[in-house]
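Read in order, the letters of the sequence shown are residues 1 to 239 in the UniProt record's numbering. C-beta: ideal position from N, C-alpha, C; glycine also. Below is one structure, written out as structure tokens, with a few remarks after it.
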Amino acid sequence: MKSFSQQLIDEARSAFIEGDYATAEPLLNQPTLLHSRNPEVLQMLATIYYDQGKFNRAITTFKKALEIDPGYTDAAVGLSIILNDIGRYEDARKIFEEAKALVDSKKQQKDPNTNEKFAQKHAELGDMYLQFKRFEESAEQYLKASSLSSRKADYVLRLAECYVQAGQKDKAIKELKTLLQTDPQLVAPRLKLGLVLYNSHHIAEAVDQWENILRYDAKNQEALRYLKMAQAAGVTTHL
1 MKSFSQQLID
11 EARSAFIEGD
21 YATAEPLLNQ
31 PTLLHSRNPE
41 VLQMLATIYY
51 DQGKFNRAIT
61 TFKKALEIDP
71 GYTDAAVGLS
81 IILNDIGRYE
91 DARKIFEEAK
101 ALVDSKKQQK
111 DPNTNEKFAQ
121 KHAELGDMYL
131 QFKRFEESAE
141 QYLKASSLSS
151 RKADYVLRLA
161 ECYVQAGQKD
171 KAIKELKTLL
181 QTDPQLVAPR
191 LKLGLVLYNS
201 HHIAEAVDQW
211 ENILRYDAKN
221 QEALRYLKMA
231 QAAGVTTHL
């Protein structure tokens, strides 16, 4: 039979997962849970405070969770998100990178999604740096994200766009070609590669990329649209 504390946390967790914070919050604030030194309790409470716009209280509560378990990735990611929101970008990066290093060193990655969470956070930081045209830092974050995630293509696309905006189209082309060597049928990266090549005046090579897509996806609308664009510019295609 489950203890009273376990019943409380199970009920609170269920409400929290469903987004029913009005039910979860009073359960989590029960003294038996608050004094249990369970970092999950504090992480859920901190997330609720963040949702309510109580940023200072959320930060304090996330920090308490990390004091109990410095390698608790959900708390580290949550805290770094808030720090990002209030413009403390370097503090945000430091928080989750320290947590990741601790998890790696102890080999405690029980959650199979740990690397994906860190990859997402690296990408969010990359987006933030890109927004402020800090291209070098942005590229660094996207590279870290792609190295951690099984969704490598998503982050390489962001990296390529970063290089394009930085005026480094050759680097964008190189990254996209390297990715396509691992999986030639990736559509979005090949579309992007064609567009970068086209805008770099490598028109014939761009057309080759888009026609390549049509070989296994004959009705791909974006590839067809780009090929029509090339035709309008006087380029011969196989449409």
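Taking the C-beta atoms as reference points, K152 is found no nearer than 8 Å to Y163. Within the segment 64-91, the complete alpha helix (DSSP H) segments of 4 residues or longer fall at 73-85, listed in chain order.
Looking at E97, L179, K169 and L125, the one whose alpha-carbon comes closest to that of S150 is L179.
Counting along the chain, G126 sits inside the alpha helix (DSSP H) bounded by residues T114 to Q131.
Within the model, the alpha-carbon separation for N220 versus I213 is close to 8 Å. It is roughly 45 Å from the alpha-carbon of L159 to the alpha-carbon of H35. Going by beta carbons, L42 and T61 fall inside the 8 Å limit. Spatial neighbours of D127 in its own chain (CB-CB distance under 8 Å, excluding positions within 5 residues in sequence) are listed in chain order as S138 and R158. The beta carbons of E175 and V156 sit closer together than 8 Å.
For S5, the uninterrupted alpha helix (DSSP H) run begins and ends at F4 to I17, by DSSP.
DSSP, reduced to helix, strand and coil, places A166 outside both helices and strands of the structure shown, so it counts as coil.
One thing to note: E222 has its Cβ within 8 Å of the Cβ of L191.
The DSSP assignment places complete alpha helix (DSSP H) segments of no fewer than 4 residues inside the segment 19-65 at 21-28, 31-34 and 39-51, in order along the chain. Check the Cα spacing between T114 and each of S80, D74 and G87: the tightest is with D74. Considered as a whole, the segment 140-164 harbours no complete run of any alpha helix (DSSP H) with no fewer than 4 residues.
Going by DSSP, Q185 is part of no alpha helix (DSSP H) at all; its letter is neither H nor E. The alpha carbon of E67 has as its nearest neighbour, out of D85, Y49 and N38, the alpha carbon of N38.
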